[in-house]
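**Student:** I am attaching a structure below and will ask some questions about it afterwards.
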Amino acid sequence: MKRRGTGVGCMFYGVGNTGLPNPAAAFVQVLGDTSVHVTVGAADIGQGSSTMAASVAAETLGLNYEDIHVVWADTMYAPEGGATSASRQTFITGNAVKNACTQALGELKRTASEELNVPEEDLIFRDREIYSGKDDSIRMTYPALMAAMGKKGRLAVGAGYYNPKTTYLDPKDMSGVPYELYSYATCILEVEVDTDTGEVTLLKAVSAHDVGTPIGIKMVEGQIEGGTAMGTGFVISEKIDIDPKTLAIKNPTLSKYIIETSMDVPVVYPIVVSSEGEAGPFGAKGVGEPALIPSIPATVAAINDALGTDFTSTPIFPADIVKAWKEREAAAK
Amino acid sequence: MKEYAVLAQDHVKVDALEKVMGTAKYAADYQMPNMLYGGVFRSIVPHAYIKKLDLEKARALPGVACVLDHTAIPGKNRFGIIFKDEPCLVDDKVRRYGDAIAVVAAETQELVQEALDLIEVEYEELEAVSTFERAMEEDSPKVHGDTNVNVTKHLEYGNVDEAWETCDVIVENTYSTHILSHMFIEPDAGLAYLDEQGIMNVIASTQNPHYDRNEVAALLGVPQNRVRVKQATTGGGFGGKLDISVQLHCALLALYTKRPVKMVRSRTESTMVSSKRHPMTMKCKTGATKDGKLVAVDCYMTCDAGAYSSYAPAVIGRAPVHIVGPYDCPNVRCHAVFAYTNNPMCGAFRGFGVPQAAVCHEGQMNALAKALHMDPLEIRMINAHHVGSVIPTGQELTESVGFMDTLKQARDKAAEVMPEALERLKPE
């Protein structure tokens, strides 16, 4: 018999290390032709921290995304980036890039102010132009600004770092400020369970994530889709088996450790939710780990809803489902 | 949301083109003139003293440049992101299946394997500790030092013991989550060489290049500015490439041979020795009023963290802070104990203990909803974090709390794309 069930899973996630300093830094230089070097320590493992760094630099400097070249994760040239972990690089390296660019903007603003006769605080840098926020007919192009910088012998360079505002936690009761900001998520997921074979078919998943300000929409959606695949697989297909005698992993290969394929994942509807805040760069928060989390409890709940069971342990494999269903039927009789 | 010039839209990722074109250089793709291949001789027992280690036959094999054990290490031989408790090469005892005992560098990968096969070892086996329960017993063998307790944490907020009296409903359940593998698509790999200035260069698949640099410097006993770690294009990690993998072994072999040494782990070796997700057991008691307001949560959390600490101290710090989930609750206790065993090392894995905590707190919210005949979305909305909420460490949330919007937007989208599924959530 096939039975359907729905589950809800929510989470919050503190971005960065728990109650510990975890700074990251960035270097920036705007070159004479308005192209830019940004150097960060953050390791990009495919999640997009370098794309994030380019985006934040372009937004801060008022240049285009394509103007920015990012060098990353080479300790000879790049300052400390800390680990690519704890969903922290958008928040922390992002703020470091913003701070480095803000420093570089110092000389750029001074020069533009002199050239345009506009007070520094009224200047707006956007889309490769500099103009007065009070009268946007007073404007100059970025290349013209860099030419003026060159004539005056000024360089647009910056170094910045950021360390989240946290406190050490009290060893007695863990009181304190463990994280400066938190990401949030809700997943609603539907499954179909075959009570004869124990097979779980993942039907649809809606997963809504508060990321503050999304740096890139598709990058956030990609994280949510990938995270949902990993989270549902956590419950119904992935498990390390350990040999009881040697304590070796018995299934260290992809043929024996089953991760979901495109045939297994549910249809995912990612929802990018924004919220207002000052802590992250332009209000951005991390989504790398939050993307995974809510689909795990949602899958457990959906299976329980389909069968009327009370699974509280993972994984839930077909044999577990068949056994639980038989017990439930026997109890009903 | 503000109107941005660059953000909140889509740009081609900075590394997209080389990945699509197949020109991105992963660590295994690097080749250098005069390069050697490296390999690791590993334990096939979980807990043992090494009585005898014979490297001579392997050293005598033509084409083998060098075979080293721990005595070759010029600097430190204890590593780890938080506690330095893992050796580069075993010097006192084997603590898990797959512990590194010796390293080989040879002209070809085939010769590396031949040399590894010629290494002889005699073990004096010890009882292996394979469960949290056994680890905690007084007479159990100790994996490190004189206790198997790796880390403990205690969170206490409000007054849990007095709170139960004011609850209309209490649910108690025990949750357990299992051990998982990251299965990042690219197995660990790296290359080390001394450059013309005598600086040790390491190119590696990693999530943590600055940490790697510091560990390589400690191993070699040189200043940190005499080591360069460059991240190669990296095929995923999910936390599994935060610990040291091939970096130390490659650097040690490059130091002795004065030649570039490359190591590429097979899928099997990579999965065997990289960190795993912490399996946790959470015994949890949760109380609420009849209108669904959380009153108290008390959780006892245990975990078999495996043979080395890795990120266990981070996971045990994070999980208790998140044990209630994104909900207001005035009385919270969480006591957590992580133990050393001779099982595979657990470490960082996407979520750092929060996925485990979420299985618990969401299970409890559903149990409460069931007991109170409430819609599971409704009970979450009643308790949802908002600006001004105080979490169980006493921290007040002052901005950027979008939880209620995620609940509402998920519900609205579900009403559109899966209306029957949403309907099913309503209490009978």
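Quick note, the sequences are listed as chains A and B, same order. Per my numbering, the first sequence starts with residue 175, numbered consecutively. Per my numbering, the second sequence starts with residue 4, numbered consecutively. Built from N, CA and C at the ideal position, the CB exists for glycine as well.
By DSSP, does residue 349(B) sit in helix, in strand, or in coil?
**Tutor:** Residue 349(B) falls in the strand class under three-state DSSP.
**Student:** To test your reading of the DSSP string, which unbroken beta strand (DSSP E) runs of 3 or more residues are found completely within the stretch 283-308 of chain A?
**Tutor:** The stretch 283-308 of chain A contains these whole beta strand (DSSP E) runs: 297-300, 303-306.
**Student:** Assign residue 101(B) to one of three DSSP states: helix, strand, or coil.
**Tutor:** Residue 101(B) falls in the coil class under three-state DSSP.
**Student:** DSSP beta-bridge partners for residue 479(A)?
**Tutor:** The partner list for residue 479(A) (beta bridge, DSSP) is empty, contrary to what the question assumes.
**Student:** What residues in its chain sit with their C-beta under 7 angstroms from that of residue 184(B), if we drop five residues either side in the sequence?
**Tutor:** The answer, listed in chain order, is 274, 279.
**Student:** Cα separation between residue 117(B) and residue 70(B)?
**Tutor:** Distance between the alpha carbons of residue 117(B) and residue 70(B) is about 12 angstroms.
**Student:** In chain B, which residues lie with their C-beta within 7 angstroms of the C-beta of residue 300(A)?
**Tutor:** Ordered by position in chain B, the residues that pass the 7 angstroms Cβ test against residue 300(A) are 8.
**Student:** Name the DSSP beta bridge partners of residue 204(B), please?
**Tutor:** For residue 204(B), which the question treats as bridged, DSSP gives the partners 196(B), 231(B).
**Student:** Bridge partners for residue 39(B) per DSSP, in chain order?
**Tutor:** DSSP, once it has assigned bridges, lists 264(B) as partnering residue 39(B).
**Student:** Could you give the distance in angstroms between the alpha-carbon of residue 326(B) and the alpha-carbon of residue 156(B)?
**Tutor:** For residue 326(B) and residue 156(B), the distance between alpha carbons rounds to 13 angstroms.
**Student:** State the CB to CB distance for the pair residue 465(A) and residue 398(A), rounded to an integer number of angstroms; the pair is presumed to be in contact (CB under 8 angstroms).
**Tutor:** Indeed they touch by this definition, with Cβ atoms about 5 angstroms apart.
**Student:** Nearest by alpha-carbon distance to residue 373(A): which of 199(A), 194(A), 184(A), 496(A) is it?
**Tutor:** Nearest C-alpha to residue 373(A): 496(A).
**Student:** Within the chosen definition, does the stretch 227-240 of chain B reach the stretch 173-180 of chain B through at least 3 CB pairs nearer than 8 angstroms?
**Tutor:** Contact fails: fewer than three Cβ-Cβ distances are below 8 angstroms.
**Student:** Starting from the C-beta of residue 414(A), find all residues in its chain whose C-beta is less than 6 angstroms away, skip the five residues before and the five after it, and write them out in chain order.
**Tutor:** Closer than 6 angstroms at the Cβ level, and outside the excluded window around residue 414(A), lie 423.
**Student:** From the beta carbon of residue 130(B), is the nearest beta carbon of chain A less than 8 angstroms away?
**Tutor:** No, because no Cβ of chain A sits closer than 8 angstroms to the Cβ of residue 130(B).
**Student:** Give me, in chain order, the residues of the same chain whose beta-carbon lies closer than 6 angstroms to that of residue 384(B); leave out the 5 immediate sequence neighbours on both sides.
**Tutor:** If we look at residue 384(B) and ignore the five residues flanking it on each side, its Cβ neighbours are 410.
**Student:** What residues are listed by DSSP as bridge partners for residue 12(B)?
**Tutor:** DSSP, once it has assigned bridges, lists 390(A) as partnering residue 12(B).
**Student:** Please list the segments of the alpha helix (DSSP H) lying wholly inside the stretch 112-164 of chain B, counting only runs of 4 or more residues, in order along the chain.
**Tutor:** With a minimum length of 4 residues, the continuous alpha helix (DSSP H) runs that stay inside the stretch 112-164 of chain B are 112-121, 135-139.
**Student:** Consult DSSP for residue 323(A) and reduce its assignment to one of helix, strand or coil.
**Tutor:** Of the three classes helix, strand and coil, the one that applies to residue 323(A) here is helix, per DSSP.
**Student:** Residue 248(B): buried (16+ other C-beta within 10 angstroms of its C-beta) or exposed?
**Tutor:** That one is buried.
**Student:** Over the uninterrupted beta strand (DSSP E) stretch that includes residue 203(A), give me the two end residues.
**Tutor:** Its beta strand (DSSP E) spans residues 198-204.
**Student:** In chain order, what residues of the same chain have a beta carbon less than 6 angstroms from the beta carbon of residue 348(B), not counting five sequence neighbours either side?
**Tutor:** Same-chain partners within the cutoff: 278, 309, 310, 311, 313.
**Student:** Can you confirm whether residue 232(B), when its beta carbon is compared against all beta carbons of chain A, has any partner nearer than 8 angstroms?
**Tutor:** Yes, residue 232(B) lies at the interface with chain A (some Cβ there is under 8 angstroms from its Cβ).
**Student:** Distance cutoff 8 angstroms, beta carbons only. Does residue 214(B) sit that close to anything in chain A?
**Tutor:** Yes, residue 214(B) lies at the interface with chain A (some Cβ there is under 8 angstroms from its Cβ).
**Student:** Rank 262(A), 438(A), 419(A), 177(A) by C-alpha distance to the C-alpha of residue 354(B) and give the top, closest one.
**Tutor:** Per the Cα distances, 262(A).
**Student:** Expressed to the nearest angstrom, what Euclidean distance is found between the alpha-carbon atoms of residue 240(A) and residue 482(A)?
**Tutor:** Taking the straight line joining both Cα atoms gives about 54 angstroms.
**Student:** Taking residue 222(B) as the query, report the chain A residues whose CB atoms sit under 9 angstroms from its CB, ordered along the chain.
**Tutor:** Those within 9 angstroms of residue 222(B) in chain A number zero; the least Cβ separation is about 15 angstroms.
**Student:** According to DSSP, is residue 418(A) part of a helix, a strand, or is it coil?
**Tutor:** Here residue 418(A) sits in coil by DSSP.
**Student:** Return the residue from the list 178(A), 318(A), 355(A), 271(A) that minimises the CA-CA distance to residue 233(A).
**Tutor:** Minimum Cα distance to residue 233(A) is reached at 271(A).
**Student:** Under a three-way DSSP split, which group does residue 169(B) fall into?
**Tutor:** Three-state result, residue 169(B): helix.
**Student:** For residue 69(B), write down the residues that DSSP places opposite it in a beta bridge.
**Tutor:** Residue 69(B) is bridged to 108(B).
**Student:** Looking at the secondary structure, which residues open and close the alpha helix (DSSP H) in which residue 257(A) lies?
**Tutor:** Premise fails: residue 257(A) is in no alpha helix (DSSP H) and is neither H nor E.
**Student:** Strictly by DSSP, which residues pair up with residue 45(B)?
**Tutor:** Its beta-bridge partners are 103(B).
**Student:** Are the C-beta atoms of residue 265(A) and some chain B residue less than 8 angstroms apart?
**Tutor:** Chain B contact via Cβ: absent.
**Student:** Tell whether a beta-carbon distance below 8 angstroms holds between residue 179(A) and residue 472(A).
**Tutor:** The answer is no: Cβ separation not under 8 angstroms.
**Student:** On the premise that residue 239(B) lies in contact with residue 220(A), defined as a C-beta separation below 8 angstroms, what is that separation, rounded to the nearest angstrom?
**Tutor:** With a Cβ gap of about 6 angstroms, residue 220(A) and residue 239(B) count as contacting.
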